[in-house]
Amino acid sequence: MVQLKNQKHAFYEQLKSLIQGGEEYWIRNDELVLLHLNDTNAGKELQKQYLETVSKTHLSQVKFQNQNWLPDLSIELFTGTNKGLGYRQNGFQIGIAIPLLFSGNVAKNKTTELERKSWEAMRSNREIQIESYYLQKQAELNQHREMIKYYTENGQLLSKEIIKTADAGYKNGEIDFFQYIQSMENAISIEMDYLDNILSYNKSYLELHHFNFNEQ
Numbered sequence: 003m004v005q006l007k008n009q010k011h012a013f014y015e016q017l018k019s020l021i022q023g024g025e026e027y028w029i030r031n032d033e034l035v036l037l038h039l040n041d042t043n044a045g046k047e048l049q050k051q052y053l054e055t056v057s058k059t060h061l062s063q064v065k066f067q068n069q070n071w072l073p074d075l076s077i078e079l080f081t082g083t084n085k086g087l088g089y090r091q092n093g094f095q096i097g098i099a100i101p102l103l104f105s106g107n108v109a110k111n112k113t114t115e116l117e118r119k120s121w122e123a124m125r126s127n128r129e130i131q132i133e134s135y136y137l138q139k140q141a142e143l144n145q146h147r148e149m150i151k152y153y154t155e156n157g158q159l160l161s162k163e164i165i166k167t168a169d170a171g172y173k174n175g176e177i178d179f180f181q182y183i184q185s186m187e188n189a190i191s192i193e194m195d196y197l198d199n200i201l202s203y204n205k206s207y208l209e210l211h212h213f214n215f216n217e218q
């Protein structure tokens, strides 16, 4: 009991350091329930949108560099009057401006293109990791959900029956104290497994919802 109190106090201190507020916070000691959020794909979609935005940025940089080293064409229209001959003359002239640092711009363009290709390779790898992470969390949820279902359909009743049988057996002298304790430990183990699965389910659910994914 003392160890549990110390652990609880340590958790509250850790919570205070994370929140960094002057107020005291207390967690309600209610029954654990499964979390149900609106959309578990929200975090995944935000990750994909971010990757797409970075790809568009790299593509824009490549286009910008291409425009810098292409020749600049200019067309100018003009109208002239010849007083001696007494008529108006219309015409146009075309100009071509060649960048002075042509080779330097080409090098920059190649560098920008290489950076874009490098990013696309990283993006492809990251998308694979994201999908793998998503499937992993879905598998974890299914596993915990099955264990929770087993408890609600069988485990809870089994735990109560173990306690009931152990109480009756010990009172009637059918089992000794050591056997009674073993039975109680078995019943408590079923309850603890259920609570652990609730906690693990909620943890995986939150990680999936917020997509707490870090590239390895």
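Going letter by letter, the sequence shown gives residues 3 to 218 in the numbering used here. Just so it is clear, CB atoms sit at the ideal spot from N, CA and C, and this is done for glycine as well.
Beta-carbon proximity of residue i to residue j, cut-off 7 angstroms
i, j, result
"GLN49", "ILE130", "no"
"LEU37", "ASN204", "yes"
"PHE213", "LYS46", "yes"
"ALA189", "ILE165", "yes"
"TYR153", "TYR182", "no"
"VAL64", "GLU115", "yes"
"SER191", "HIS146", "no"
"LEU2", "ILE200", "Nothing about residue 2 can be reported from this structure: the residues present for the chain run from 3 to 218 only."
"SER161", "GLU122", "no"
Of the listed residues the options, nearest to residue i (C-alpha basis)
i, options, result
"ILE137", "SER206, ARG118, ILE200, VAL35", "A small fix is needed here, since residue 137 is Leu in this sequence, not Ile. If we check each option's Cα against that of LEU137, SER206 comes out closest."
"HIS211", "LYS139, ILE190, ASP178", "LYS139"
"LEU53", "LEU159, LYS10, HIS146, SER126", "SER126"
"THR113", "PHE66, GLN22, GLY157", "PHE66"
"ASN111", "LEU159, GLN22, ASN68", "ASN68"
"MET124", "ASN144, TYR172, ALA44, VAL56", "VAL56"
"GLU142", "ASP198, GLN9, ALA109", "ASP198"
"ASN43", "TYR135, SER19, GLN22, ASN8", "TYR135"
Coarse secondary structure for residue i, derived from DSSP in three states
i, result
"ASN43", "coil"
"HIS11", "helix"
"SER202", "helix"
"GLY171", "helix"
"ILE164", "helix"
"GLU26", "coil"
"ASP195", "helix"
"GLN63", "helix"
"VAL2", "Residue 2 lies beyond the residue range present for the chain, which begins at 3 and ends at 218; the question has no answer from this structure."
"ILE190", "helix"
"PHE213", "coil"
"GLU129", "helix"
"ILE150", "helix"
"ILE21", "helix"
Rounded distance between the beta-carbons of residue j and residue i, thought under 8 angstroms
i, j, result
"LEU61", "ARG128", "Contact doesn't hold; Cβ gap of about 17 angstroms is too wide."
"SER185", "ALA168", "4 angstroms"
Short CB-CB distance (under 7 angstroms) between residue i and chain B
i, result
"ASP178", "Although the question refers to chain B, the structure presented lacks it and comprises just one protein chain."
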